[in-house]
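Note sheet for the following structure.
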Amino acid sequence: MNSLQLALHLDCQLDHIVARVDFSLPGITALFGPNGCGKTTLLRMIAGLERTARGTISLGDIVWQNGSKNLPAHKRNIGFVFQDARLFEHLTIADNLRFAEKRAGKTGPGIDRHEVISTFDLSGLLVKKPAVLSGGERQRVAIARALVSNPQLLLMDEPLSALDIRRRAMIMSYIETIPAKFNIPILYVTHAIDEVARLADNIVLMDKGRVIAQGPVEEILARLDLPALTGRFEAGTIITGIVGRTDPVFALTTIGLGSQSLTIPKLDLPMGEKIRLRIRARDVALATKEPTGISIRNILRATITEIAPEPDTAFAEVRLDVENQNLRARITRASLDDLALEPGKPVLALVKSIAMDRRLLAAPIERKP
Amino acid sequence: MDYTAIWLTIQLAGITTIALLVVATPLSWWLAFTRSPLKPVIETLTALPLVLPPTVLGFYFLVLLGPAGTIGKWWLDVTGSTLTFSFSGLVIASMIYSLPFVVQPVSNAFADMGRKPLEEAASLGASPLDRFFSVALPLSKRGFLTAAILGFAHTVGEFGVVLMVGGNIPGKTRVISISIFESVETLDFSSAHKMSAVLIAFSFIVLFAVFALNRNYTVAGGR
Chain S
1 MNSLQLALHL DCQLDHIVAR VDFSLPGITA LFGPNGCGKT TLLRMIAGLE
51 RTARGTISLG DIVWQNGSKN LPAHKRNIGF VFQDARLFEH LTIADNLRFA
101 EKRAGKTGPG IDRHEVISTF DLSGLLVKKP AVLSGGERQR VAIARALVSN
151 PQLLLMDEPL SALDIRRRAM IMSYIETIPA KFNIPILYVT HAIDEVARLA
201 DNIVLMDKGR VIAQGPVEEI LARLDLPALT GRFEAGTIIT GIVGRTDPVF
251 ALTTIGLGSQ SLTIPKLDLP MGEKIRLRIR ARDVALATKE PTGISIRNIL
301 RATITEIAPE PDTAFAEVRL DVENQNLRAR ITRASLDDLA LEPGKPVLAL
351 VKSIAMDRRL LAAPIERKP
Chain L
1001 MDYTAIWLTI QLAGITTIAL LVVATPLSWW LAFTRSPLKP VIETLTALPL
1051 VLPPTVLGFY FLVLLGPAGT IGKWWLDVTG STLTFSFSGL VIASMIYSLP
1101 FVVQPVSNAF ADMGRKPLEE AASLGASPLD RFFSVALPLS KRGFLTAAIL
1151 GFAHTVGEFG VVLMVGGNIP GKTRVISISI FESVETLDFS SAHKMSAVLI
1201 AFSFIVLFAV FALNRNYTVA GGR
């Protein structure tokens, strides 16, 4: 796998940002953090739209900003997808795409307009003006247009935040095909954990203008020292499984995890497909003995790898190893004591089926070469 | 009817409007996008011709453009002719007089458009000049049209400034409004009536055009 490094060294009015973002090429890197922690500003600085910060920005060996040199946006070979699609209202969709094509960068991966049009199903929209398009269609065109400009790096600033749930899911299914199809790295700003879980390969966690952790999504989400970022309510891990049989009578699908398995509400996916599931820590309970007479169907054999009590609360976070994947459980400190839990101890992890929301399902992660 | 005066008026208004569009566009752009603390000062200066009596403007023009004035002396040195009581002097005076009527619609159109389409165009690789011609201009075309119509019409209607700066020289500075004044002074009411009717019809058509344009106003121009 190739990699590309985006190196940032910036002094802003409020913060000093030092970040090295390593992209796997191609792939989606999520820039994640609570609202208003400077993600959008950082993205605009990378694009050259905000040139107030002093410092350096470089992508690979191309220097965009260094000392007195500060390339304006049009000289940086980036694509930018804004929250609002920002289509040119005076041009048809075809002309919006042509606008980008005419000014396309020469150093990008070589993206063809026709392939973009077919990937994003735009052929029916080409003759229309932006004003008659729905929100979802506008955002599809905006993403397509950014791609047609043949950028080296695609920046996306919460591209789904203005859309309803159905349209979000639809646009996500387009976005997740981009890296493999067009061989391009994406830096994706969001504060929605489900977008991270579904789309991202890597994650950069930001808080108060600084990067506090980065790495593969599965690893970062499993870390117990970073709970406040995703919110305790949403804290959880991503695990990968293989789609198995579906029981038509009870409408349940089996997901294989090594030698163990989970059952979740029926999926319309072919057997053998790899999927990602997000399991929230608060939906996992622990037991030391096989429980009986219990409605929870998913009981996994696991080993405790780390315990992090939260001193002023009733709770503790426990990290578990299940078939070499991470699972997090949020239990009370009292239970920790009662069950004498400690790292290395084998336990049973009780997972409520309902915790596995179909909406959180990621598409096959085959894009990882 | 004084056809020479009508033709002269059209020439004066046409040249003034074109020159104003060229000069006022950068000024409007600055007014629409600047964060400078000087903005209210410049805005006020730009709007001043709206409220000043034309005679006040005309008086200062006479002083400035006259052979002893700063601009007038320089003009005399360079071209060998005086600015006052000349067509060129009238164009310069009319440009100041009609400035707010061109600057305001254009700068409003730029402000309505905002920075967003420009940022988008920049991210797609469009240079500043490219952004102006391929994005800003088409998105603000109604503002420009309104500005051109108002600038033209307002120049056609001026009287005080022309009288002060240009006087009443047939074929050179005698525009319609002066010609009407002259007709009334010499008790030629029939000519005054005819030319006044022409101006009323013209003004009606112009205002109608502006209102019709703005009724269907959209930023996009095609909704």
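These protein sequence lines map, in sequence, to chains S and L. Heads up, the first sequence is in the numbering used here, so the first residue is 1 and it goes up one at a time. Heads up, the second sequence is in the numbering used here, so the first residue is 1001 and it goes up one at a time. Positions of the beta carbon are idealized from the N, C-alpha and C atoms, including for glycine.
Relative to glutamate 176 (chain S), the option among S:Pro159, S:Arg198 and S:Glu342 whose CA is nearest is S:Arg198. For proline 1138 (chain L), the neighbours in chain S by C-beta distance under 7 Å run, in chain order, His90. Cβ neighbours of lysine 1073 (chain L) within its own chain (closer than 8 Å, five residues either side excluded): Pro1067. Exclusion of the five residues before and after isoleucine 299 (chain S) leaves Leu348 and Leu350 as the residues of its chain whose Cβ lies within less than 6 Å of its Cβ. Secondary structure note for phenylalanine 1211 (chain L): its alpha helix (DSSP H) is the uninterrupted segment 1189-1215. In the pairwise beta carbon analysis, the segment 97-105 of chain S is classified as touching the segment 1119-1133 of chain L: at least three pairs are separated by under 8 Å. The beta carbon of isoleucine 296 (chain S) sits no closer than 8 Å to any beta carbon of chain L.
Under the 8 Å criterion on CB atoms, glycine 1125 (chain L) is classed as interfacial with respect to chain S.
Cβ neighbours of arginine 44 (chain S) within its own chain (closer than 6 Å, five residues either side excluded): Glu50. Under a 10 Å Cβ-count criterion, tryptophan 1007 (chain L) is classified as exposed, with fewer than 16 other Cβ atoms of the shown protein chains found around its own Cβ. Of the residues assessed, alanine 316 (chain S) falls on the buried side of the cut-off, its CB having 16 or more other CB atoms within 10 angstroms.
Closest by C-alpha distance to aspartate 84 (chain S), out of S:Lys39, S:Ile331 and S:Glu137, is S:Glu137. Per the DSSP secondary-structure output, arginine 210 (chain S) pairs in a beta bridge with S:Asp207. Spatial neighbours of glycine 48 (chain S) in its own chain (CB-CB distance under 7 Å, excluding positions within 5 residues in sequence) are listed in chain order as Trp64, Leu71, Pro72, Ala73 and Arg76. The DSSP-derived three-state label of proline 185 (chain S) is strand.
Going by DSSP, threonine 1146 (chain L) is part of the alpha helix (DSSP H) stretching over 1141-1156. Looking at S:Glu158, S:Lys181 and S:Met172, the one whose alpha-carbon comes closest to that of tyrosine 188 (chain S) is S:Glu158. At the C-beta level, isoleucine 171 (chain S) and leucine 160 (chain S) come within 8 Å of one another. Chain order gives the chain L residues near phenylalanine 99 (chain S) as Ala1121, Leu1124, Ala1126, Ser1134 and Val1135, where near means a beta carbon separation below 9 Å.
Against chain L, the CB of alanine 285 (chain S) has no partner CB under 8 Å away; the residue lies outside that interface. Our two residues, alanine 251 (chain S) and glycine 1114 (chain L), have alpha carbons roughly 53 Å apart in a direct line. No Cβ of chain S is located within less than 8 Å of the beta carbon of lysine 1039 (chain L).
Under the three-state reduction of DSSP output, isoleucine 275 (chain S) falls in the strand class. Judged by their CB atoms, serine 1177 (chain L) and glycine 1157 (chain L) are nearer to each other than the 8 Å cut-off. Proline 1105 (chain L) has a beta carbon lying at 8 Å or more from every beta carbon in chain S. In this structure the segment 239-258 of chain S lies against the segment 266-277 of chain S, because at least three pairs of beta carbons, one per stretch, are closer than 8 Å. About 6 Å separates the beta carbon of proline 1100 (chain L) from that of threonine 1046 (chain L), a gap short enough to meet the 8 Å contact definition. Less than 8 Å divides the Cβ of glycine 1089 (chain L) from the Cβ of valine 1165 (chain L).
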